[in-house]
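The structure appears below as structure tokens.
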Amino acid sequence: MLEQKQTTLDEALNKLSLVAESLIHLGQAEASPLGSLLQLLGHNINDCVAALDAQESER
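All residue numbers for the sequence shown refer to the UniProt record's numbering, where the first residue is 1 and numbers rise by one.
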């Protein structure tokens, strides 16, 4: 059961990373304040994913 939860968490973090990268790329393509916000959101999501990964690694 624990392995299944870990796999589910890993899959969710991977998907979240893909969403973040997509937001960053969309933001780079959009030269406007919205583009900047999309990039910022993507980077913030990546930071959260990295923090969760680090927390999981400590366990």
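Beta carbons: idealized from backbone N, C-alpha and C, even for Gly.
In whole angstroms, what is the alpha-carbon distance linking T8 and S57? Position 8 of the sequence shown, counting from 1, holds the residue named residue 8. Position 57 of the sequence shown, counting from 1, holds the residue named residue 57. Approximately 15 Å, taken between the alpha carbons.
Less than 7 Å between C-beta atoms, sequence neighbours within five positions excluded: which residues of the same chain meet that for S17? In the sequence shown, residue 17 corresponds to position 17, counting from 1. Closer than 7 Å at the Cβ level, and outside the excluded window around S17, lie N46, V49.
Per-residue burial, A20 [other beta carbons within 10 Å of its own, 16 or more giving buried]: As a working note, residue 20 is residue 20 in the sequence shown. A20 comes out buried.
What is the rounded straight-line gap between the Cα of G27 and the Cα of L37? Taking the sequence shown and counting its residues from 1, one reaches residue 27 at position 27. Taking the sequence shown and counting its residues from 1, one reaches residue 37 at position 37. Going from the Cα of G27 to the Cα of L37 covers about 7 Å.
Length of the line joining the Cα atoms of H25 and H43: Taking the sequence shown and counting its residues from 1, one reaches residue 25 at position 25. Taking the sequence shown and counting its residues from 1, one reaches residue 43 at position 43. Distance between the alpha carbons of H25 and H43: 11 Å.
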